[in-house]
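Numbering (this note's numbering), first residue to last: 10 to 281.
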């Protein structure tokens, strides 16, 4: 028993030392530890990719779980949220559609009318053969325009992370300066729930993730990536779990979320 206690004590001590070292050598890990005492988040921006590469069942699961999370705030006027879809016909911000922009409604009836029904209507646009507007996925244009306006907020982005605007007269580059400006306020964070892309696009998706994680490891912004399972049986539970952490409403959920983010930042730092 004494030997077991010594082993356990040694493991705990090694873990404490490891975490302390990570705190001092990785700015991203240090940033997460500093957020422990921040107030509960009350400003959420949710962007939903509706491009043709998004599978309808996956989109349905995301909408269902977003509605479930936002319902937790009914009656809390201090909470506000903004929901948009992108990947609609048009280039740049023309492709972005505002779905909901409101303080949390005061009762269930108002929530159903002002929030739930509108989110349920989000869908992949049908191709209109008579339209001259291209179908694009303006991820960079969206981030370039909204990040500077919402420093300190929390972004939840559901997408395959592919910026597709090659059919437009103006292509938007990776918004590095906007990311850095957003990251100056460490209460803000960007959470990506991302789907599996077509195999031919996997390298492009990974390049985006790697570039963002590099900025996070430098402490330039707080960002996290979670891959949506392809298996429909696992997908809804995953959405429920991740959105509970991303849009926490109780003290327990806030504590769980902050502990989870610290672990995630350490794992990201170790993996490089």
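Here a beta-carbon is modelled for each residue, glycine too, at the ideal position from N, C-alpha and C.
Is it the case that the Cβ atoms of residue 105 and residue 120 are separated by a distance below 7 Å? Here the question's residue 105 lines up with position 96 in the chain shown. Here the question's residue 120 lines up with position 111 in the chain shown. Not in contact: residue 105 and residue 120 (Cβ atoms no closer than 7 Å).
Chain-order list of residues whose beta-carbon lies under 8 Å from that of residue 189 (same chain, five-residue window excluded): Within the chain shown, the letter at position 180 stands for residue 189. Excluding residues up to 5 positions away in sequence, 224, 229, 230 lie with their Cβ nearer than 8 Å to the Cβ of residue 189 in the same chain.
For residue 32, which of helix, strand or coil comes out of DSSP? The sequence position of residue 32 within the chain shown is 23, counting from 1. Caution applies to residue 32, whose pLDDT of 47 falls short of 50 and renders its modelled position unreliable; the value that the coordinates give is listed next. Here residue 32 sits in helix by DSSP.
Host alpha helix (DSSP H) of residue 150 (start-end): In the chain shown, residue 150 corresponds to position 141, counting from 1. Membership of residue 150 in the alpha helix (DSSP H) is indicated by the continuous run 148-155.
How about the segment 110-119 and the segment 62-77: do they share at least three Cβ pairs that are nearer than 8 Å? No: fewer than three Cβ pairs fall under 8 Å.
Out of 196, 147, 125, state which residue places its alpha-carbon closest to the alpha-carbon of residue 159. As a position in the chain shown, residue 159 is number 150, starting the count at 1. Comparing Cα-Cα distances from residue 159 to each of 196, 147, 125, the minimum goes to 196.
Looking at the structure shown, is residue 237 part of a helix, part of a strand, or coil, going by DSSP? What you label residue 237 is simply residue 228 of the chain shown in a count that begins at 1. It is coil, neither helix nor strand.
In this structure, how does DSSP classify residue 193 when only helix, strand and coil are distinguished? Here residue 193 refers to the residue found at position 184 when the chain shown is read from its first residue. Coil at residue 193, not helix or strand.
Does DSSP put residue 98 in a helix, in a strand, or in coil? Your numbering for residue 98 matches position 89 in the chain shown. In the three-state reduction of the DSSP assignment, residue 98 falls in the strand class, which pools E and B.
For residue 57, which option in 137, 146, 49 has the closest C-alpha, if you only look at C-alpha atoms? Translated into positions along the chain shown, residue 57 becomes position 48. Per the Cα distances, 146.
Through-space distance from residue 101 to residue 161, alpha-carbon basis: On the chain shown, residue 161 is found 152 positions in, with the first residue counted as 1. On the chain shown, residue 101 is found 92 positions in, with the first residue counted as 1. Distance between residue 161 and residue 101, taken at the CA atoms: about 24 Å.
Segment contact flag, the segment 173-185 with the segment 80-88, C-beta cutoff 8 Å, min 3 pairs: Because the criterion of three Cβ pairs below 8 Å is not met, the segment 173-185 and the segment 80-88 do not touch.
Within 10 Å of its beta-carbon, does residue 215 have 16 or more other beta-carbons around it, so buried, or fewer, so exposed? Position 206 of the chain shown, counted from the start, is the residue given in the question as residue 215. Residue burial annotation: residue 215 is exposed, with fewer than 16 other C-beta atoms found within 10 angstroms of its C-beta.
On the DSSP bridge list, what partners appear for residue 91? Counted from its first residue, the chain shown places residue 91 at position 82. DSSP lists 54, 110 as partners of residue 91.
Tell me the residue span of the beta strand (DSSP E) that contains residue 203. Here residue 203 refers to the residue found at position 194 of the chain shown. Where residue 203 is concerned, the enclosing beta strand (DSSP E) stretches over 198-203.
Per DSSP, cross-strand counterpart(s) of residue 105: Here the question's residue 105 lines up with position 96 in the chain shown. In DSSP, residue 105 forms a bridge with 95.
Report yes if the CB atom of residue 202 is closer than 7 Å to the CB atom of residue 251, and no otherwise. Locating residue 202 in the chain shown gives position 193, counting from the first residue. Locating residue 251 in the chain shown gives position 242, counting from the first residue. Going by beta carbons, residue 202 and residue 251 fall inside the 7 Å limit.
What distance in whole Å lies between the Cβ atoms of residue 249 and residue 257, which are believed to be in contact at a cut-off of 8 Å? Along the chain shown, one-based indexing puts residue 257 at 248. Along the chain shown, one-based indexing puts residue 249 at 240. About 13 Å; that fails the 8 Å criterion.
Just curious, the beta strand (DSSP E) that residue 164 is in, first and last residue? Working through the chain shown from its first residue, we reach residue 164 at position 155. Start and end: 163-168.
In the DSSP assignment, find the unbroken alpha helix (DSSP H) run with residue 226 in it and report its ends. Stepping through the chain shown from its first residue, residue 226 is reached at position 217. 211-226 is the span of the alpha helix (DSSP H), which, as asked, contains residue 226.
Straight-line gap, residue 7 to residue 110 (C-alpha atoms, nearest Å): The structure shown does not extend to residue 7, since the chain is modelled only from 10 through 281, so no value can be given for it.
Flag this pair as yes or no: are the beta carbons of residue 204 and residue 221 separated by less than 7 Å? As a first step, residue 204 must be located in the chain shown, where it is residue number 195. As a first step, residue 221 must be located in the chain shown, where it is residue number 212. Taking 7 Å as the Cβ cut-off, residue 204 and residue 221 do not qualify as a contacting pair.
State the CB to CB distance for the pair residue 149 and residue 172, rounded to an integer number of angstroms; the pair is presumed to be in contact (CB under 8 Å). Here residue 149 corresponds to residue number 140 of the chain shown, with the count starting at 1. Here residue 172 corresponds to residue number 163 of the chain shown, with the count starting at 1. Yes, they are in contact, since the Cβ atoms of residue 149 and residue 172 sit about 5 Å apart, within 8 Å.
Would you report the Cα separation of residue 131 and residue 187, rounded to the nearest angstrom? Translated into positions along the chain shown, residue 131 becomes position 122. Translated into positions along the chain shown, residue 187 becomes position 178. If I take the Cα positions, the gap works out to 27 Å.
For residue 53, which option in 262, 246, 79 has the closest C-alpha, if you only look at C-alpha atoms? Position 44 of the chain shown holds residue 53. Selected option, being the one with the closest Cα: 79.
Is it the case that the Cβ atoms of residue 170 and residue 247 are separated by a distance below 7 Å? Your numbering for residue 170 matches position 161 in the chain shown. Your numbering for residue 247 matches position 238 in the chain shown. The answer is no: Cβ separation not under 7 Å.
Compare the Cα-Cα distances from residue 211 to each of 62, 50, 51 and report the closest residue. Residue numbering aside, residue 211 sits at position 202 when the chain shown is read from its first letter. The residue among 62, 50, 51 with its C-alpha nearest the C-alpha of residue 211 is 62.
Residue nearest to residue 73 in terms of C-alpha spacing, selected from 124, 122, 129: Numbered from 1 along the chain shown, position 64 holds the residue referred to as residue 73. For the residues 124, 122, 129, the minimum Cα distance to residue 73 belongs to 129.
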